[in-house]
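Engineer:
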Amino acid sequence: MEILPILSTLRRHKITAFLVVIEIALTCAIVCNAVFIINQRLQRMDMDSGVDEHRLLHIQVADIGAVSDQKSRTLTDLAALRQIPGVSEVASVAQVPFGNSSSNTGIKLDPKQKLSTLNATMYSGENMVPTFGMQLVAGRDLQSDDYKDFDDVVRGAAAKDAKALPHVVLITQGMANRLWPGQQALGKQFYLLDYPMTVVGVVKELVRPSIWDDSTKSYSMIFPMRMARGEYVIRTKTPEDRDRVLAAAVAKLKEINQHRVVLKKHTFDDMRHDFFQNDRAMAGLLIGVCVALLIVTALGIVGLGSFWVAQRRRQIGVRRALGATRSNILHYFQTENFLLATIGIAVGMVLAYGINLLLMVHYELPRLPGIYFPVGAVSLWIIGQLAVLGPAMRAAAVPPVVATRSV
Amino acid sequence: MFTYYLDLAMRSLRRNTMLTALMVLAIALGIGASMTTLTVLHVLSGDPLPGASGTLFYPRIDPRDMDAYEEGKDPPYQVTWIDGMNMLHAKRADRQALMTGGSVPVQPAQSSVDPFYSDARYTSSDFFPMFRVPFLYGRPWSVEEDDAKARVVVISRKLNEKLFGGKDSTGQTLRMKDTAFRVIGVLDEWRPNPHFYDIDTGRYAASEDVFVPLTTSRDIRLEHDGSTDCWGTGGGDEDHAETQPCVWLQFWVQLDSAAKVAAYKEYLVHYSQEQHDLGRFMRAPNVQLPGLMEWLDINKVVPGDVRLQTWLAFGFLLVCLVNTIGLMLAKFLRRAGELGVRRALGASKREVFMQLLIESGVIGLAGGLGGLLLAFAGLWLVRRQPSDYASLAHLDLAMLLTTFVLAIGSTLLAGLLPAWRACQITPALQLKSQ
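Protein chains in written order, with my numbering: chain V, 18 to 424; chain W, 83 to 516.
Structure, rendered in structure tokens:
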């Protein structure tokens, strides 16, 4: 296939050729970055929470009037919930993954340190590891003599009484790696306010209730504190039991005390769904825009291709009369499109990289991985070839006799 | 002449429906996408209190200890109880209000309605005149009632409809957390957007349903919502919230002139110095006095995703326009013969140019109409999303006008090059080849 004649023809259609190149370049740049963002969001939505989500339920109840004996009420609630058929574990907790509201604190490796080493979420509640189905990778779970009542801890903290506070803690693998890279975390200490905490166990993963920054998503600690705030997590024996158990549990809690309100009741699958709703919406929107962009670009190529074919009918006729076959004509237009697309893609790659740099600065996005460039290029080549096929076939169908007619 | 060109444009557009449809579709898609995202951005970055926002300021002081001290860092986002109360009682501004969010258990008198939790705002009396809160019935509470920890409540129109069937409920009793409150006011529709006075309890949240004096809320220990940031020995213990070294309240002032703003800033420095000398503040005075709109900027209230979407949509519009330029060029050049005849018959380049521009204007108008329909559809989709700002996404008159200005303007711009190119046709050459 001769490329030089194509180039010299294109030189006479500078503006239109330039427009096709620009369109392909812009599309390439936008689509590469958009697909990258879509991938990021999909990965985020797939985030490992470290808990057995398909079997977990979350219920939060609140009392209407003032209550005095929350502790014994909680024990009653827990006992009643455990009785429901299909329930395997229950826990009264302070916060849950994907719960959005969270309680966090800065911790230090050295009490004299001025700035905290890192900020982590404080989970607390009895029986959390088995209820959430967390995986213990080192050390032991919290034991009953580790536990303190939350109210005593608050009072103790106010009175600066170290004895009233918990002194052992479970942390996640991610947090352990950050605090003591390459070392065994078991038995190590860190400081919360001025109080030392000893790590007695490490769980594989436990995501924070509200994720501010994906890189710190697993900075979670579990403290041995008994909670009595009306926030319960239930683990069912099978995922199929969930809906029935949730209904039964809510009914049970209302039955025990009618003077309270159910603030939240949902499965963890729903919580995950709600937590990532903005990411899902963004990914959906980006997919829509990418599809629309590719369609518009393809239609643009079809439109201009048709125009060129119509304009060159006579030339095509002459070439056919001089012995060019139909496939010669077809290939001519296909090669022409391939050339334009290639220039467009090359410009588009540079543009994509530039846009990515801007996004890195303003939206804290990571660098665009190299794989996007070849994939983007191949997709645009294919789309260009498909779009030009129609006009090119029409061109190939021009009979040689056209050459003899005046238009 | 204009109508004649318009007629010509219509004829020409009808002649090649496929190409015309492609151009209109491209413009409509681009405009539809841009207007959808632009409307969302416009709604989200709006002024919550037009006319009043310029006089509202958010004083910031730094009461923390020297732990984690870094020079030049911003003061905390909220104030402590002690500082809030000191500044409130100093009355150095034209108006001032101290507040925090919360949620209260409401116990309806009628047994047919189950008890429920309502979002509440615990604040001081100036809140209502300062933020121009409209009243349907009754009145806000007074400074005296603030001081007396009065059991009074102002409720939203929505709650009034739910509990009292929309009737004037002032003087009625409302039970919350086993305490009887006297309803003294019912608000009219009020939804400042963004939820500027407390960004922490929802950037675009609806305003609360229950308003209770701040002092009363502490007196009967109503539950406080929103962030509490502590340092030193502060543990956020609810029972000692008044004395804990924690910031958990928002403090707003109204300052009616630039001189008062400067004076207030001086007061804040002076106050910080005084507290430092008393040994309460450890850090050197570090004060800021951002205005309302500035405060929204500092907090990056508009979600990053929304900005990103807007950029993306304009990128999309750009591609659509480049596409349209290409198609228009093809279309205009194809009519070289016709244009040649017109030129030969005496039409000036200028007239041909005008004629072609009008044609692109018509395409722009049609694209704008299509884009408007798509924008309505797009906004409908946005409203179906679960974000807290979703329900706000509506097209207003300004955005409606913008749609057409953007559609016609950008299409005319796109038409410039093809029209200019078509004007360059030499009439003689065209006539010869006919």
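No residue lacks a Cβ here, since even glycine has one placed at the ideal position from N, Cα and C. A quick note: this is a predicted structure, and the numbers were derived from the prediction, not measured.
Mapping the DSSP letters down to three states, classify W:Glu376 as helix, strand or coil.
Structural biologist: The residue given as residue 376 of chain W occupies position 294 in the second sequence. Three-state DSSP puts W:Glu376 in a helix.
Engineer: Check whether the Cβ atoms of V:Met238 and V:Ala394 sit closer than 8 Å, and answer yes or no.
Structural biologist: To locate residue 238 of chain V, count along the first sequence from 1; it is residue 221. To locate residue 394 of chain V, count along the first sequence from 1; it is residue 377. Taking 8 Å as the Cβ cut-off, V:Met238 and V:Ala394 do not qualify as a contacting pair.
Engineer: With DSSP as the reference, label W:Trp334 as helix, strand or coil.
Structural biologist: Position 252 of the second sequence, counted from the first residue, corresponds to residue 334 of chain W. Correct three-state label for W:Trp334: strand.
Engineer: Do you know offhand how far V:Pro128's Cα is from V:Thr122's?
Structural biologist: Walking along the first sequence from the start, residue 128 of chain V turns up at place 111. Walking along the first sequence from the start, residue 122 of chain V turns up at place 105. Whole-angstrom Cα-Cα distance: 14 Å.
Engineer: Determine, using beta carbons only, whether V:Asn50 and V:Ile372 come nearer to each other than 8 Å.
Structural biologist: If you number the first sequence from 1, residue 50 of chain V lands on position 33. If you number the first sequence from 1, residue 372 of chain V lands on position 355. Yes, the Cβ-Cβ distance between V:Asn50 and V:Ile372 is below 8 Å.
Engineer: Residue range of the alpha helix (DSSP H) that W:Glu348 falls in?
Structural biologist: On the second sequence, position 266 is the one that residue 348 of chain W refers to. Its alpha helix (DSSP H) spans residues 340–360.
Engineer: V:Thr215 CB to nearest chain W CB: under 8 Å?
Structural biologist: Residue 215 of chain V sits at position 198 when you count from the first residue of the first sequence. No, no contact with chain W.
Engineer: If you draw a straight line from the alpha carbon of V:Pro416 to that of V:Thr33, how long is it in whole angstroms?
Structural biologist: For the purposes of this step, residue 416 of chain V is identified with residue 399 of the first sequence, where counting begins at 1. For the purposes of this step, residue 33 of chain V is identified with residue 16 of the first sequence, where counting begins at 1. So the alpha carbons of these two residues sit roughly 26 Å apart.
Engineer: Using the DSSP secondary-structure output, state which residues sit across from W:Pro187 in a beta bridge.
Structural biologist: Along the second sequence, read from residue 1 onward, the residue named residue 187 of chain W stands at position 105. W:Pro187 is bridged to W:Tyr199.
Engineer: By the three-class DSSP mapping on this structure, what secondary structure does V:Ser118 have?
Structural biologist: By 1-based counting over the first sequence, the position of residue 118 of chain V is 101. Three-state result, V:Ser118: coil.
Engineer: Between which two residues does the beta strand (DSSP E) holding V:Gly156 run?
Structural biologist: The residue labelled residue 156 of chain V in the question sits at position 139 within the first sequence. Segment 153–156, the beta strand (DSSP E) holding V:Gly156.
Engineer: By alpha-carbon positions, which one of V:Ala202, V:Glu248, V:Ala181, V:Gln100 ends up nearest to V:Gln87?
Structural biologist: As a position in the first sequence, residue 87 of chain V is number 70, starting the count at 1. Per the Cα distances, V:Glu248.
Engineer: Give the secondary structure of V:Met214 by DSSP, where H, G and I count as helix, E and B as strand, and everything else as coil.
Structural biologist: As a first step, residue 214 of chain V is located in the first sequence; it is residue number 197 there, counting from the start. Strand, per DSSP.
Engineer: Please identify, using Cβ separations under 7 Å, the residues of the stretch 403–425 of chain W that lie next to chain V, in order along the chain.
Structural biologist: Residues Val404, Asn405, Ile407, Gly408, Leu409, Leu411, Ala412, Arg416.
Engineer: On the three-pair Cβ rule with 8 Å, is the stretch 162–175 of chain W touching the stretch 247–259 of chain W?
Structural biologist: Because the criterion of three Cβ pairs below 8 Å is not met, the stretch 162–175 of chain W and the stretch 247–259 of chain W do not touch.
Engineer: Can you round the beta-carbon distance between W:Phe363 and V:Val306 to whole angstroms, since I take them to be within the 8 Å contact cut?
Structural biologist: Looking up residue 363 of chain W in the second sequence gives position 281. Looking up residue 306 of chain V in the first sequence gives position 289. Actually they do not touch by this definition, with Cβ atoms about 51 Å apart.
Engineer: For W:Leu218, which residues of its own chain have a beta-carbon under 7 Å away from its beta-carbon, when the five flanking residues on both sides are left out?
Structural biologist: On the second sequence, residue 218 of chain W is found 136 positions in, with the first residue counted as 1. For W:Leu218, where only same-chain residues beyond five positions count, the Cβ hits under 7 Å are Arg239, Val268, Leu269, Asp270.
Engineer: Considering only residues of the same chain and omitting the five flanking positions on each side of W:Ala489, which have a CB-CB separation below 6 Å?
Structural biologist: In the second sequence, the residue the question calls residue 489 of chain W occupies position 407. Counting only Cβ-Cβ distances below 6 Å, and skipping sequence neighbours, we find Ile113, Gly446, Gly449, Gly450, Gly453.
Engineer: Tell me whether the beta-carbon of V:Asn144 lies closer than 8 Å to the beta-carbon of V:Ser227.
Structural biologist: Residue 144 of chain V sits at position 127 when you count from the first residue of the first sequence. Residue 227 of chain V sits at position 210 when you count from the first residue of the first sequence. For V:Asn144 and V:Ser227, no; Cβs fall outside 8 Å.
Engineer: Rounded to the nearest angstrom, what separates V:Leu280 and V:His75 at their Cα positions?
Structural biologist: Against the first sequence, residue 280 of chain V aligns to sequence position 263. Against the first sequence, residue 75 of chain V aligns to sequence position 58. One C-alpha to the other measures close to 10 Å.
Engineer: Residues of chain V with CB under 9 Å from W:Arg503, in chain order?
Structural biologist: On the second sequence, residue 503 of chain W is found 421 positions in, with the first residue counted as 1. Result: Ile32.
Engineer: Mind checking V:Tyr380: buried by the 16 CB within 10 Å criterion, or exposed?
Structural biologist: Translated into positions along the first sequence, residue 380 of chain V becomes position 363. By the 10 Å Cβ count, V:Tyr380 comes out exposed.
Engineer: Taking CB distances under 8 Å as the criterion, tell me whether W:Gln336 reaches chain V.
Structural biologist: If you number the second sequence from 1, residue 336 of chain W lands on position 254. Not an interface residue.
Engineer: Using a Cβ-Cβ cut-off of less than 9 Å, give me the residues of the stretch 39–68 of chain V that come near chain W, in sequence order.
Structural biologist: Result list: Ile39, Glu40, Leu43, Thr44, Ala46, Ile47, Asn50, Ala51, Ile54.
Engineer: Taking CB distances under 8 Å as the criterion, tell me whether V:Ile333 reaches chain W.
Structural biologist: Residue numbering aside, residue 333 of chain V sits at position 316 when the first sequence is read from its first letter. By this cut-off, V:Ile333 is not an interface position.
Engineer: Could you run through the stretch 329–358 of chain W and flag, in chain order, every residue whose CB is less than 7 Å away from some CB of chain V?
Structural biologist: Per Cβ criterion, the list is empty.
Engineer: Count the other C-beta atoms from every protein chain shown that fall within 10 angstroms of the C-beta of V:Val424, then say buried if there are 16 or more, exposed otherwise.
Structural biologist: Position 407 of the first sequence, counted from the first residue, corresponds to residue 424 of chain V. Because V:Val424 sits at a pLDDT of 47, beneath the cut-off of 50, its placement in the model cannot be relied upon, and the following sentence gives the value as read from the coordinates. Under this definition V:Val424 is an exposed residue.
Engineer: Does the beta-carbon distance from V:Pro147 to V:Lys165 come in below 8 Å?
Structural biologist: As a first step, residue 147 of chain V is located in the first sequence; it is residue number 130 there, counting from the start. As a first step, residue 165 of chain V is located in the first sequence; it is residue number 148 there, counting from the start. Cβ atoms of V:Pro147 and V:Lys165: not closer than 8 Å.
Engineer: Starting from V:Phe324, find everything on chain W with Cβ-Cβ shorter than 7 Å and list it in chain order.
Structural biologist: Taking the first residue of the first sequence as 1, we reach residue 324 of chain V at position 307. What V:Phe324 touches in chain W: Ala412, Arg416.
Engineer: Would W:Val335 and W:Ala175 be called neighbours here (beta carbons separated by less than 8 Å)?
Structural biologist: If you number the second sequence from 1, residue 335 of chain W lands on position 253. If you number the second sequence from 1, residue 175 of chain W lands on position 93. The answer is yes: Cβ separation under 8 Å.
Engineer: Indicate the three-state DSSP secondary structure (helix, strand or coil) for W:Phe263 in the structure shown.
Structural biologist: Looking up residue 263 of chain W in the second sequence gives position 181. In the structure shown, W:Phe263 sits in a strand (DSSP, three-state: E or B).
Engineer: Please report the distance separating the alpha-carbon of V:Pro213 from that of V:Gly191.
Structural biologist: Here the question's residue 213 of chain V lines up with position 196 in the first sequence. Here the question's residue 191 of chain V lines up with position 174 in the first sequence. Approximately 20 Å between the Cα atoms of the pair.
Engineer: What would DSSP say about V:Val424, mapped onto helix, strand or coil?
Structural biologist: For the purposes of this step, residue 424 of chain V is taken as residue 407 along the first sequence, with counting starting at 1. Residue confidence for V:Val424 is low, a pLDDT of 47 falling below 50, so the modelled location carries little weight; the figure read from the coordinates is stated next. Correct three-state label for V:Val424: coil.
Engineer: If the cut is a Cβ gap below 8 Å, which residues of chain W does V:Gln294 touch?
Structural biologist: Start at 1 with the first residue of the first sequence, and residue 294 of chain V comes out as number 277. Residues of chain W passing the Cβ test: Gln467, Pro468, Ser469.
Engineer: So, is the C-beta of W:Val519 closer than 8 Å to a C-beta in chain V?
Structural biologist: Because chain W spans 83 through 516 in this model, residue 519 of chain W falls outside it and cannot be assessed.
Engineer: Provide the residue span of the alpha helix (DSSP H) that contains V:Tyr140, from first to last.
Structural biologist: Here residue 140 of chain V is taken as the residue at index 123 of the first sequence, counted from 1. No alpha helix (DSSP H) contains V:Tyr140, which is instead part of the beta strand (DSSP E) from 135–141.
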